[in-house]
Amino acid sequence: MFLRNYWYVAASDHEIGRKPFRRVIMNEPVVFYRTEDGTPVGLEDRCPHRRLPLSMGKLVGDDVIQCHYHGLRFDRTGACVRVPGQDMIPPTARVKSYPLVERYKWLWIWMGDPALADPAKIPDYHWFDDPNWGAKSDYIHAQCNWQLVNDNLLDLTHLAFVHETTIGNMALVEHAAVRVNRTPGGVQVTRWTIDQPAPPAFVKLGGFTGNVDRWQIIDYMPPSYIRLDVGATPTGTGAPEGRRVGGIQMRNLNVMTPETETTTHYFWGQAHDFEPRNKDMTERVFAQIKTAFMEDVSVFTNQQQNIELDPDAPQIDINADSGGIQARRIVDRLYAEEQAAMNAAKTAAE
Ligand code: FES
Ligand SMILES: [Fe+2]
């Protein structure tokens, strides 16, 4: 199940250059490259002649890609502009061209109806560009369905178990005050852990010596935009009332782009407000969180294997699932709406 009429992160900006680059998104092969002035191009990565990936070919001139097999050429709009050995270009010789926008050091792609591709709908990930924050992002090729990552990020009780040596501790499960709210279009899960020990990574990064008040505010917007506002201040200094002083704040920023039903392009990054221009600090923060994220990847991969063995095996829900369940309900509803709209458009065209 994929939601099409949304912006997804297709690549980090540095991945795309003058060498054709292939990535499968929602079961569709896409080839990316840049024109000579740096404008990104995204075309269907399947030659309409004999279906070879165009990414095996090469760029000829500014924006034209030439198929490796029999040399058909396509421009940035996807139109065939040359068939070697004949003057006549078949009118159906074209590949799909995808709307792209470069923002927040990511390349965003629109997989749905191009007429609806409004760049204003790209969610806010400004922390990657904001001089008041240090930030670094990364890519994980996760062997699991995209919604397993949504579930994981919306339930932070797992930190106590999966991440007990990094960003978790038992205080998060046993002493957190949790609220789950609907937001316009999404879900927000708020967890406050008051007057409890800081987890190992926070002690390392924030230098806390005593107990802390820690917040985790998870903001989910469909289909798979998840931004976490996390941090801690020395206990009793007023963070729950909005005074965030003397501690550390971070943002954990995620977009899950489905590759197939069972694999995901997982783009994530971490931003920090302390010593924002200190590159070593950015690397240290990033390394701490990356260690934790690799612990999650092992969870998703193993869940996915079991799910594929028996997709109908029963599962139970616990209180901690509340945010994830609400997110799945939103996705189910939007999927039904998208399918109904597509079917109505098809019927109207017939
Ligand atoms: S397969 Fe591309 S030119 Fe023949
Ligand atoms: Fe995790």
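FYI, the numbering for the sequence shown is 5 to 354, going by my numbering. C-beta: ideal position from N, C-alpha, C; glycine also.
Three or more pairs of CB atoms, one per stretch, sit closer than 8 Å, so the stretch 189–202 contacts the stretch 211–222. Those residues whose C-beta sits under 5 Å from the nearest heavy atom of ligand 1 are, from N- to C-terminal order along the chain, Cys-51, His-53, Arg-54, Leu-56, Cys-71, Tyr-73, His-74, Leu-76.
Residues of the same chain with a CB within less than 7 Å of the CB of Met-5, apart from the 5 flanking positions on each side, are Tyr-339 in chain order.
In the DSSP assignment, Asn-306 falls within the alpha helix (DSSP H) that extends over 283–313.
DSSP places Asp-155 inside the alpha helix (DSSP H), whose first and last residues are 150–158. Here the alpha carbons of Leu-152 and Asn-256 stand approximately 17 Å from one another. Relative to ligand 2, Phe-297 has its C-beta within less than 8 Å of a heavy atom. For Asp-128, same chain residues with a beta-carbon under 7 Å away, outside a window of 5 residues either side, do not exist. Beta bridge pairing from DSSP links Ser-16 with Trp-110. Contact annotation: the stretch 181–195 does not touch the stretch 301–318, with fewer than three C-beta pairs closer than 8 Å.
With respect to Leu-7, Val-335 sits close: the two C-beta atoms are nearer than 9 Å.
Close CB contacts of Pro-123 within its chain, under the 7 Å cut and outside five residues either way in sequence, are with Val-105 (chain order). Here DSSP, grouped into helix, strand and coil, assigns Arg-27 to strand. Within its own chain, the residues whose Cβ lies closer than 6 Å to the Cβ of Asp-49, once the five positions on either side in sequence are excluded, are Arg-26, Pro-33, Val-34, Val-35, Pro-57, Leu-58, Ser-59, listed in chain order. Relative to ligand 2, even the nearest heavy atom lies 8 Å or more away from the CB of Val-234.
Cβ neighbours of Val-85 within its own chain (closer than 8 Å, five residues either side excluded): Val-68, Arg-77, Phe-78, Asp-79, Ile-93. Closer than 8 Å to some heavy atom of ligand 2: that describes the Cβ of Asp-300. In this structure, DSSP gives Thr-43 a state outside helix and strand, which the three-state scheme calls coil. By the Cβ neighbour-count rule, Val-13 is buried, with 16 or more other Cβ atoms within 10 Å of its own.
In the structure shown, the three-state DSSP call for Arg-333 is helix. Its Cα nearest to that of Phe-206, the residue Glu-168 stands out among Tyr-224, His-179, Glu-168. Taking 8 Å as the cut-off, the C-beta of His-145 does not count as close to any heavy atom of ligand 2. Taking 9 Å as the cut-off, the beta carbon of Gly-190 is found no closer than this to the beta carbon of Ala-15. Closest option to Met-260, judged by alpha-carbon separation, among Tyr-270, Ile-252, Gln-253, Glu-178: Tyr-270.
In terms of side-chain proximity, the C-beta atom of Val-289 is found no nearer than 8 Å to any non-hydrogen atom of ligand 2. Per DSSP, the beta-bridge partners of Tyr-229 are Met-225, Val-259.
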